[in-house]
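*Asks:* The structure follows.
Residue numbers (our numbering), protein chains in the order written: chain A, 30 to 388; chain B, 1177 to 1555.
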């Protein structure tokens, strides 16, 4: 059998892309939630990219040609969403805030994935005392209130306030420390499971080095659940950033716009009935977290056969690439499951069988 | 995700995040047969092992906080640097023993914590343990109220969502649950304040009680610091009502955060149990639908919920810091922020250490309850 005949005809590339695949797999309510989440997230990312074009003023701008903006101006006129107690334009700060938010989210998630995956892989693969210690440490850190840990890290890294990138990195690293245990646990559990698989043993028998087994055989099969944690953590990162900003570990208003900081400053406004300084930055946080969480939730549900809404029999859709099937999904076999069928419209040899059985 | 097959994930809180957690333990028959049952490994052994595990957890957290905080320098320079001359600073530092080797300070600190001595605050010069006692009761009260709100809102709504799975009520409630999670507690607090305290003017804006009520409770012979109890002791219904009214908004803000988590948990687990044979059997016997959901499907779904409450305590304590700041609720979280502003790191370290102890203890208690209910948890 040549290599060419082994390869099954695969679906076109674009239908196998992560989000597109899940979109095609989803139906009804789940598709609706996924679409809403994707739209909100998309708008958020576009806002961050085009903030310089969208924002009417700079994030630290206090005056224009007509003089200073004035503090606590009601919405309307030159300031669509009013001005803050510090005299900044609310709309501009909300728009610029998306840049800070996205920077912190990306840095925090990327850093924690690298650290958590590396630790989990090594710990799960080699086991022994290192594994024991890391598990206990990660359990301890994981059980601790995330915000408190981030506060301690914030004190250590920046000693409080700092400039733009200092502040962003301080927030991102504080959040990273909180997230590492989550990735660690997932990857470690998967590594322990995969380590016992036959193909890992075969690789060892063939003389593959530990490094090769770890990265080629184990890591590639252990990362299936990562996208789910990834989306959920991105939203948690934003909430932690806002929490840090709210209690005074924010980034100075002259360095960047940060929604949590603005909410902190609006605390006293609320008592005097000034609603626009708190409502809009708060809504921005809620919307972004909502959007990302909707995407994450939908991906999560679609990956779990127990939670996935099913199509009517006869139109069963496809098996989720991200669902965790012990021993791998069915398409891992020689030629794949598709290779066993002559074609999508081949006459059914057993017309009375359960339509689910084929998959 | 079940803990059964992973004996080395020592504490049962291996629930990864709320959403992943939810789908964990749909009770699966036959799962327990996989587990190697060790003869003589009863509940007593599990209790002991789980109890011993508290100590490394507390030790790790306290050590981590100590070393992290110490990388910023000694607490006295942090708090008073710039306010005093270098000579005075040096004198204070050597008086407090911060010029000794850091390892000695570390072991001394561990010893002190073991005996319940958390040091003396620099900014107010009070024993940290006294601060913890005074303000801890306020935080405990807030967290307790919030849990009540979370149960009352989260569990019934979760049952509704599960019963009408993928129908309109479910869609609405799922979005509500995500909104609960997506709204930072302080933003929820600000909105509640704006609507109920400022616009409608029916509830107080901030604080735990009016000055008048606090004065009345101040003169009680044996006050507990828990205003609910103290207000009852005054025997004055006006004071009691005042204290309760002050608690409504903070409890709602913090409680809704957790209510969303409970809602989702109940929903997912009840969906799992609703599909089981015994529910079908009960339905075929003619058990009415309400009873079916509220008893047959709900009871077994409780176990995973109890396991997750341990993690919720950590979430609630983190949320309490923000809620207390929003509502000027003078508890540990409020004081923590005050101490951070004053750069009083001895006090910060003490509060964080105490919270670590509380988190470790509550996880322990929850694990024990889970083990008592479900024999499969023990190993």
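Note that beta-carbon positions come from the ideal geometry of N, C-alpha and C, so glycine has one too. Bear in mind the structure is a predicted one, so any value in this text is a computation, not a measurement.
Between the C-alpha atoms of residue 366 of chain A and residue 229 of chain A, what's the straight-line distance to the nearest angstrom?
*Replies:* The predicted position of residue 366 of chain A is uncertain, since its pLDDT is 39 and thus under 50; a value taken from the coordinates is nonetheless stated next. Residue 366 of chain A and residue 229 of chain A: Cα-Cα distance of roughly 22 angstroms.
*Asks:* Residue 1134 of chain B to residue 152 of chain A, Cα distance in whole Å?
*Replies:* No statement about residue 1134 of chain B is possible, as the shown extent of chain B runs from 1177 to 1555 and does not include it.
*Asks:* Relative to chain A, which residues along the segment 1294-1314 of chain B have a C-beta separation below 7 angstroms, given in chain order?
*Replies:* Under the 7 angstroms Cβ criterion, the segment 1294-1314 of chain B contributes no residue.
*Asks:* Name the DSSP beta bridge partners of residue 210 of chain A, please?
*Replies:* According to DSSP, residue 210 of chain A bridges with nothing at all.
*Asks:* Please list, in chain order, the chain A residues whose beta carbon lies closer than 7 angstroms to that of residue 1494 of chain B.
*Replies:* Going along chain A in sequence order, the residues near residue 1494 of chain B (Cβ under 7 angstroms) are 174, 175, 176 and 177.
*Asks:* For residue 1410 of chain B, name the three-state secondary structure that DSSP assigns.
*Replies:* If DSSP states are grouped into helix, strand and coil, residue 1410 of chain B belongs with the helices.
*Asks:* Whose C-alpha, out of B:1536, B:1521, B:1335 and B:1315, is nearest the C-alpha of residue 1300 of chain B?
*Replies:* When only C-alpha atoms are compared, the closest one is B:1521.
*Asks:* Look up residue 1251 of chain B in the DSSP assignment and say whether it is helix, strand or coil.
*Replies:* Three-state result, residue 1251 of chain B: helix.
*Asks:* For a test of the three-state rule: what should DSSP assign to residue 1260 of chain B, helix, strand or coil?
*Replies:* The answer is strand: DSSP assigns residue 1260 of chain B an E or B state.
*Asks:* For residue 1340 of chain B and residue 1333 of chain B, I'd like the C-alpha separation in whole angstroms.
*Replies:* Straight-line Cα distance between these residues: approximately 11 angstroms.
*Asks:* Would you mind giving the Cβ-Cβ distance between residue 122 of chain A and residue 291 of chain A, rounded to the nearest angstrom? I have them listed as a contact below 8 angstroms.
*Replies:* Their Cβ separation, rounded to whole angstroms, is 6 angstroms, which keeps residue 122 of chain A and residue 291 of chain A in contact under 8 angstroms.
*Asks:* For residue 1283 of chain B, tell me which candidate among B:1326, B:1239, B:1316 and B:1346 has the shortest Cα-Cα distance.
*Replies:* It is B:1239 whose Cα lies nearest to the Cα of residue 1283 of chain B.
*Asks:* Let's test the definition: count the other Cβ atoms within 10 Å of the Cβ of residue 1376 of chain B and tell me whether it reaches 16, buried, or not, exposed.
*Replies:* Exposed: under 16 other Cβ atoms inside 10 Å.
*Asks:* Give me the Cα-Cα distance between residue 238 of chain A and residue 218 of chain A, rounded to the nearest whole angstrom.
*Replies:* C-alpha separation (whole angstroms): 21 angstroms.
*Asks:* With a CB to CB cut of under 7 angstroms and the five nearest residues on each side skipped, what residues in its chain are close to residue 1317 of chain B?
*Replies:* Within the same chain, residue 1317 of chain B has close Cβ partners 1402, 1403 and 1404.
*Asks:* Using the DSSP secondary-structure output, state which residues sit across from residue 1296 of chain B in a beta bridge.
*Replies:* Its beta-bridge partners are B:1303.
*Asks:* Short of 7 angstroms Cβ to Cβ, which residues in the segment 317-334 of chain A face chain B?
*Replies:* So the close ones are 318, 319, 322, 323, 326, 329 and 333.
*Asks:* Identify each residue in the segment 67-92 of chain A for which the Cβ-Cβ distance to at least one residue of chain B is less than 8 angstroms, and report them in chain order.
*Replies:* Under the 8 angstroms Cβ criterion, the segment 67-92 of chain A contributes no residue.
*Asks:* Thinking just about the alpha-carbon of each residue, which of B:1504, B:1439 and B:1459 is nearest to the one in residue 300 of chain A?
*Replies:* Ranking B:1504, B:1439 and B:1459 by Cα distance to residue 300 of chain A puts B:1504 first.
*Asks:* Just tell me which of B:1237, B:1254 and B:1261 has its CA closest to the CA of residue 1289 of chain B.
*Replies:* Nearest C-alpha to residue 1289 of chain B: B:1237.
*Asks:* Would you mind reading off the limits of the alpha helix (DSSP H) that contains residue 1517 of chain B?
*Replies:* Note, residue 1517 of chain B: alpha helix (DSSP H), 1508-1517.
*Asks:* Does any C-beta atom of chain B lie closer than 7 angstroms to the C-beta of residue 272 of chain A?
*Replies:* Interface residue, yes.
*Asks:* In or out: residue 1562 of chain B buried (at least 16 other Cβ within 10 Å) or exposed?
*Replies:* Because chain B in this structure spans residues 1177 to 1555, residue 1562 of chain B falls outside the shown range and cannot be described.
*Asks:* Determine the DSSP secondary structure at residue 1456 of chain B, reduced to helix, strand or coil.
*Replies:* Looking at residue 1456 of chain B - three-state DSSP - the assignment turns out to be helix.
*Asks:* Considering just the uninterrupted stretch of the alpha helix (DSSP H) at residue 169 of chain A, what are its terminal residues?
*Replies:* Counting along the chain, the alpha helix (DSSP H) containing residue 169 of chain A begins and ends at 157-172.
*Asks:* Considering just the uninterrupted stretch of the alpha helix (DSSP H) at residue 1378 of chain B, what are its terminal residues?
*Replies:* First-last for residue 1378 of chain B: undefined, no H or E at that position.
*Asks:* For residue 68 of chain A, collect the residues of the same chain with a Cβ closer than 6 angstroms to its Cβ; drop the 5 residues on either side in sequence, then sort them by chain order.
*Replies:* Nothing listed; no residue qualifies.
*Asks:* Quick check on the DSSP output: the alpha helix (DSSP H) that includes residue 288 of chain A runs from which residue to which?
*Replies:* Residues 288-294.
*Asks:* Taking all protein chains shown into account, do 16 or more other C-beta atoms lie within 10 angstroms of the C-beta of residue 245 of chain A, making it buried, or fewer, making it exposed?
*Replies:* Answer is exposed; the Cβ neighbour count stays below 16.
*Asks:* For a contact meaning CB atoms closer than 9 angstroms, what does residue 311 of chain A contact in chain B?
*Replies:* Residues of chain B passing the Cβ test: 1359, 1360, 1362, 1363, 1364, 1366 and 1367.
*Asks:* Could you check if residue 1461 of chain B is buried or exposed, using at least 16 other CB atoms within 10 Å of its CB as the buried criterion?
*Replies:* Its Cβ having fewer than 16 others within 10 Å, residue 1461 of chain B is exposed.
*Asks:* Nearest chain A C-beta to residue 1342 of chain B closer than 7 angstroms, yes or no?
*Replies:* At least one chain A Cβ lies under 7 angstroms of residue 1342 of chain B.
*Asks:* State the DSSP-derived secondary structure class of residue 105 of chain A, mapped to helix, strand or coil.
*Replies:* Residue 105 of chain A falls in the strand class under three-state DSSP.
*Asks:* Assess, as a yes-or-no matter, whether the segment 1507-1517 of chain B is touched by the segment 1460-1480 of chain B under the definition of 3 or more beta carbon pairs within less than 8 angstroms.
*Replies:* Contact between the segment 1460-1480 of chain B and the segment 1507-1517 of chain B is absent, because fewer than three Cβ pairs lie under 8 angstroms.
*Asks:* What is the C-beta distance between residue 1436 of chain B and residue 1357 of chain B, in whole angstroms, given that I count them as a contact (C-beta under 8 angstroms)?
*Replies:* The Cβ separation is near 5 angstroms, so the contact holds.
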